[in-house]
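**Q** Under the UniProt record's numbering, residue 477 is the last one in the sequence shown; the count climbs by one each step, no gaps. All residues carry an ideal CB built from backbone N, CA and C; glycine is no exception. As the structure is a prediction and not an experimental result, all values here were calculated from the model.
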Amino acid sequence: METTKSHIALLASPGMGHLIPVLELAKHLVSHQSFKVTVFVVATDHASLANTHLLQSPADSGDLLDIVLLPFIDVSDIGGPSVSFIATIVTTVLRSMPFLRSEISKMEFRPTALVVDLFGTDALEIADEYNMLKFVFIASTAWFLAVMLCTPEIDRKEIDEHVKNRKPLHIPGCKPIKFKHSLDVFFMDTNDPFYQGYVEAINKMSLTDGILVNTWDELEPTTLKALRETKKVPIYPIGPLVRPIEKSVFGNEIIAWLDKQPKQSVIYVSFGSGGTLSAQQVKELAWGLELSQQRFVWVLRPPTENDAAGTFLALGTGSDATLDYLPDGFPARTQDRGLLVPMWAPQVEVLSHPSIGGFLTHCGWNSTMESIVNGVPMIAWPLYAEQKMNASMLTEDIGASIRVMAVESDAAVGREEIRSVVRKILVDRQGQNIRSRIKELKDNAANALAKGGSSYNSMSQVANICIQHLKTKASGA
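(1) Going by beta-carbon coordinates alone, are residue 140 and residue 262 separated by less than 8 Å?
(2) For residue 272, I'd like the list of residues in its chain whose CB is within less than 6 Å of its CB, leaving aside the five on either flank, ordered along the chain.
(3) Please report how far the alpha carbon of residue 297 lies from the alpha carbon of residue 475, in whole angstroms.
(4) Mind the definition here: the region 3 to 11 touches the region 25 to 37 only if three or more C-beta pairs lie below 8 Å; say whether that holds.
(5) From this set, 38, 129, 189, 236, which residue's C-alpha is nearest residue 464's C-alpha?
(6) Would you list the residues sitting across from residue 298 in a DSSP beta bridge?
(7) Quick one, which of 455, 289, 386 has its alpha-carbon nearest residue 425's?
(8) Report the partner residues of residue 401 according to the DSSP bridge assignment.
(9) Which first and last residues belong to the beta strand (DSSP E) in which residue 134 is found?
(10) So who's on the other strand from residue 358, going by DSSP bridges?
(11) Would residue 220 be called buried (16 or more neighbouring beta carbons within 10 Å of its own) or exposed?
(12) On a Cα-Cα basis, can you pick out the residue from 327, 84, 274, 92 that is closest to residue 43?
(13) Expressed to the nearest angstrom, what Euclidean distance is found between the alpha-carbon atoms of residue 171 and residue 257?
(14) Look at the Cβ atom of residue 389, then the Cβ atom of residue 143, and state whether they are nearer than 8 Å.
(15) Do you know whose CA, among 305, 22, 338, lies nearest residue 291's CA?
(16) Under 8 Å between the Cβ atoms of residue 87 and residue 78?
(17) At 4 residues or longer, what runs of the alpha helix (DSSP H) sit wholly inside the region 61 to 148?
(18) So residue 487 and residue 404 are supposed to be a Cβ contact under 8 Å. How far apart are they, rounded?
(19) Quick one: what does DSSP say residue 9 is sitting in, helix, strand or coil?
(20) To which residues of the same chain is residue 312 closer than 6 Å at the C-beta, ignoring the five residues directly before and after it?
In structure tokens, the structure reads:
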């Protein structure tokens, strides 16, 4: 390998929602910048991950993309089933650091830059050891990033007002956070080790060479302007980065079923790689879909009580075909207009299909980007993490979705509400503005990535910084 070619290392933390955007960034750096890229993958489920195609380098990447699965980390000692998936991720990444350091030290041509996500900031010390540039990749919104960066500076009294009296939390230059959209971190005690780790990670982010964000200037202009004006750290919006359509999927039974449906007539229902619903909520959703009298593809998972992120760290594509948690007779009654898909579906291929007219989604940012890129209007049903913020932005600011509402905040969303929103997004006149708006956003996103577009230019800036750093190192400066 030529020493004159920039070599970028990326670290992906556990969870499909973290791994996929990192892999797309890697492929983008290879295809658009011709950089050498190594992706280090930290995973909690090696067996399931090995059964996916995700760790295979694309055929068109040549020898420019390497994907390295770091050794399995046993975290069974940190607690039982009650331990949060965040705690599992944090511990797994931290214990993977010696393996990452070892892999980098063995490289003949070490990376020019290291890119990590929010959970990988401990690895930035390794970048310092080897004189590498340091970047953080946030596969979420600029609004979420703005909230993170200002968290250490927010007066604790303001946070107490937000938590105890349900007052909006004001973020400099950005939209305030309503109590009902708030993040779990604001409810933590400041002495909690995870809160302290969160603040430490943010402080490390502020000392990097830049933060890459999976958004684009035209989608979040006000927030990105505010972030740049703070001048804490350079911000590079480089999105939307989404997984491309795989032609090998066509011929899949889901695609074959969609081929038989009228244009824009089907609602796609999926809560991402990690989202789960309670047994009562699954039944209400089934009844709502049936009452809507609309065509649907529903990716089902067995219900889980009191854990909306119940499958976040499960990377497999296995199935549970029993479906005995659905209302009696539901599959038979809806078989002429509905397709039930256990566990997993090829989401990008489904969303790109012309028969899809709407997406009932948990508002994970990867899913949101895939929906916008394919021009599919959304029904926002957030479950955990920053998804409530995403849903708020999509519904109130961008106009790309409608929001499901429970009668009471902690109650299940009722079947009549589900019936109403499904009909609104697919057929009712009230949904026409959203259907028109999403088409505008689709074109807007494509323009951002095209040569001369805002995200194209941001990525070029990052590439130039890496090239210049390599030249500086080569000259011995």
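**A** The relevant details are as follows:
(1) In this structure, residue 140 keeps its C-beta atom at 8 Å or more from the C-beta atom of residue 262.
(2) Within the same chain, residue 272 has close Cβ partners 362, 364, 367.
(3) Within the model, the alpha-carbon separation for residue 297 versus residue 475 is close to 58 Å.
(4) Touching, per the Cβ criterion.
(5) Of the listed residues, the one whose Cα sits closest to residue 464 is 236.
(6) Paired residues: 269, 340.
(7) When C-alpha distances from residue 425 are compared across 455, 289, 386, the shortest belongs to 289.
(8) In the DSSP output, where bridge partners are listed per residue, residue 401 has 378.
(9) Its beta strand (DSSP E) spans residues 133 to 138.
(10) DSSP lists 267 as partners of residue 358.
(11) The residue is buried, with at least 16 neighbouring Cβ atoms inside 10 Å.
(12) Measuring from the Cα of residue 43, the nearest candidate turns out to be 92.
(13) When only Cα atoms are considered, residue 171 and residue 257 end up about 46 Å apart.
(14) Pairing residue 389 with residue 143 gives a Cβ-Cβ distance under 8 Å.
(15) Nearest C-alpha to residue 291: 338.
(16) In this structure, residue 87 sits near residue 78, with a CB-CB distance shorter than 8 Å.
(17) Runs of the alpha helix (DSSP H) inside the region 61 to 148: 85 to 105, 124 to 129.
(18) There is no way to answer for residue 487, as the model of the chain reaches only from 1 to 477.
(19) Strand at residue 9.
(20) Low confidence applies to residue 312: its pLDDT is 46, below 50, so where it sits in the model is not reliable, and the reading given next is rough at best. Correct list, in chain order: 15, 85, 274.
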